[in-house]
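Just remember that the numbering used here sits 980 ahead of the position in the sequence shown, which is counted from 1.
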Amino acid sequence: MQLDDLDFADDLALLSQTQQQMQEKMTSVAAASAAVGLNIHKGKSRIIRYNTACTNPITINGEDLEDVKTSTYLGSIIDEHGGSDADVKARIGKARAAYLQLKNTWNSKQLSTNTK
(Lines of atoms letter the chains of each structure in order from A and count residues from 1; the text may use other names and numbers.)
(Lines give C-alpha, C1' and ligand atoms only; values in the text may rest on other atoms or scores of the structure.)
Protein backbone atom coordinates (compact mmCIF):
# COMPACT_ATOMS: atom_id res chain seq x y z
CA MET A 1 0.00 0.00 0.00
CA GLN A 2 1.32 3.43 -0.92
CA LEU A 3 0.18 6.63 0.77
CA ASP A 4 -0.44 9.64 -1.44
CA ASP A 5 -1.05 12.16 1.32
CA LEU A 6 -1.62 12.50 5.05
CA ASP A 7 -4.56 14.63 6.15
CA PHE A 8 -5.58 15.79 9.61
CA ALA A 9 -7.95 18.71 10.23
CA ASP A 10 -6.23 21.66 8.56
CA ASP A 11 -2.82 19.96 8.15
CA LEU A 12 -1.87 18.22 4.94
CA ALA A 13 1.26 16.33 3.92
CA LEU A 14 1.47 15.50 0.21
CA LEU A 15 3.68 12.58 -0.82
CA SER A 16 4.98 12.16 -4.36
CA GLN A 17 7.48 10.07 -6.30
CA THR A 18 8.53 12.85 -8.67
CA GLN A 19 8.85 16.61 -8.73
CA GLN A 20 6.24 16.77 -11.48
CA GLN A 21 3.72 14.78 -9.41
CA MET A 22 4.32 17.07 -6.44
CA GLN A 23 3.79 20.19 -8.52
CA GLU A 24 0.58 18.73 -9.97
CA LYS A 25 -0.70 17.89 -6.48
CA MET A 26 0.14 21.36 -5.16
CA THR A 27 -1.62 23.01 -8.10
CA SER A 28 -4.65 20.76 -7.63
CA VAL A 29 -4.87 21.38 -3.87
CA ALA A 30 -4.48 25.15 -4.37
CA ALA A 31 -7.26 25.18 -6.99
CA ALA A 32 -9.61 23.03 -4.89
CA SER A 33 -8.94 25.21 -1.84
CA ALA A 34 -9.57 28.43 -3.75
CA ALA A 35 -12.82 27.01 -5.15
CA VAL A 36 -14.25 26.82 -1.62
CA GLY A 37 -12.73 30.08 -0.40
CA LEU A 38 -9.67 28.68 1.38
CA ASN A 39 -6.10 29.91 0.96
CA ILE A 40 -2.89 27.96 1.44
CA HIS A 41 -0.51 29.85 3.74
CA LYS A 42 2.72 29.91 1.72
CA GLY A 43 4.77 30.89 4.78
CA LYS A 44 3.71 27.69 6.56
CA SER A 45 4.11 25.44 3.51
CA ARG A 46 7.42 23.60 3.18
CA ILE A 47 9.03 21.08 0.86
CA ILE A 48 11.21 18.23 2.13
CA ARG A 49 13.02 16.35 -0.59
CA TYR A 50 13.88 12.74 0.16
CA ASN A 51 16.35 10.74 -1.91
CA THR A 52 16.35 13.05 -4.93
CA ALA A 53 18.80 15.26 -6.78
CA CYS A 54 16.02 17.38 -8.28
CA THR A 55 16.02 20.93 -6.94
CA ASN A 56 13.38 22.49 -9.20
CA PRO A 57 11.13 24.68 -7.05
CA ILE A 58 7.59 23.68 -6.15
CA THR A 59 5.27 26.66 -6.53
CA ILE A 60 1.82 27.84 -5.52
CA ASN A 61 0.37 30.54 -7.74
CA GLY A 62 3.82 31.30 -9.13
CA GLU A 63 5.51 31.63 -5.71
CA ASP A 64 8.26 29.20 -4.70
CA LEU A 65 7.74 27.15 -1.55
CA GLU A 66 10.59 26.89 0.94
CA ASP A 67 12.85 23.81 0.80
CA VAL A 68 13.78 22.58 4.29
CA LYS A 69 15.79 19.70 5.75
CA THR A 70 13.37 19.06 8.66
CA SER A 71 9.81 19.95 9.56
CA THR A 72 7.28 19.10 12.25
CA TYR A 73 3.99 17.47 11.26
CA LEU A 74 1.42 16.76 13.97
CA GLY A 75 4.13 16.93 16.63
CA SER A 76 6.56 14.57 14.90
CA ILE A 77 9.82 15.69 13.35
CA ILE A 78 10.24 14.62 9.73
CA ASP A 79 13.64 14.91 8.06
CA GLU A 80 15.10 14.56 4.60
CA HIS A 81 16.63 11.18 5.46
CA GLY A 82 13.31 9.60 6.41
CA GLY A 83 14.62 8.57 9.82
CA SER A 84 13.14 9.12 13.24
CA ASP A 85 16.33 9.91 15.20
CA ALA A 86 15.60 13.63 15.55
CA ASP A 87 12.02 12.94 16.64
CA VAL A 88 13.07 10.32 19.20
CA LYS A 89 15.75 12.63 20.64
CA ALA A 90 13.24 15.49 20.91
CA ARG A 91 10.70 13.27 22.67
CA ILE A 92 13.33 11.94 25.10
CA GLY A 93 14.35 15.53 25.84
CA LYS A 94 10.73 16.51 26.57
CA ALA A 95 10.26 13.48 28.83
CA ARG A 96 13.49 14.28 30.68
CA ALA A 97 12.41 17.90 31.18
CA ALA A 98 9.03 16.77 32.54
CA TYR A 99 10.73 14.32 34.91
CA LEU A 100 13.17 16.95 36.16
CA GLN A 101 10.31 19.36 36.87
CA LEU A 102 8.73 16.74 39.13
CA LYS A 103 11.97 15.33 40.60
CA ASN A 104 11.58 17.17 43.92
CA THR A 105 8.04 15.84 44.25
CA TRP A 106 9.09 12.24 43.57
CA ASN A 107 11.98 12.49 46.05
CA SER A 108 10.03 14.32 48.77
CA LYS A 109 9.94 12.56 52.14
CA GLN A 110 7.04 14.80 53.20
CA LEU A 111 4.60 13.34 50.66
CA SER A 112 3.23 9.84 50.97
CA THR A 113 3.60 7.36 48.14
CA ASN A 114 -0.17 7.46 47.60
CA THR A 115 -0.09 11.25 47.17
CA LYS A 116 2.76 11.03 44.70
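All C-beta atoms in this analysis are idealised placements derived from N, C-alpha and C, irrespective of residue type, glycine included.
| query | result |
| --- | --- |
| Roughly how many angstroms separate the alpha carbons of G1063 and Y1079, rounded to a whole number? | 26 Å |
| When the cut-off is 9 Å and only beta carbons count, does S996 lie next to chain D? | Within the model displayed, chain D is absent; a lone protein chain is all it includes. |
| Looking at the strands, I want to know which residues DSSP matches up with Y1079. | The partner list for Y1079 (beta bridge, DSSP) is empty, contrary to what the question assumes. |
| Once you ignore the five residues that flank D985 on each side, which residues in its own chain have a CB closer than 7 Å to its CB? | L992, A993, L994 and L995 |
| DSSP on I1072, reduced to helix/strand/coil? | helix |
| Whose CA, out of D987, T1095, V1009 and E1060, lies closest to the CA of T1039? | V1009 |
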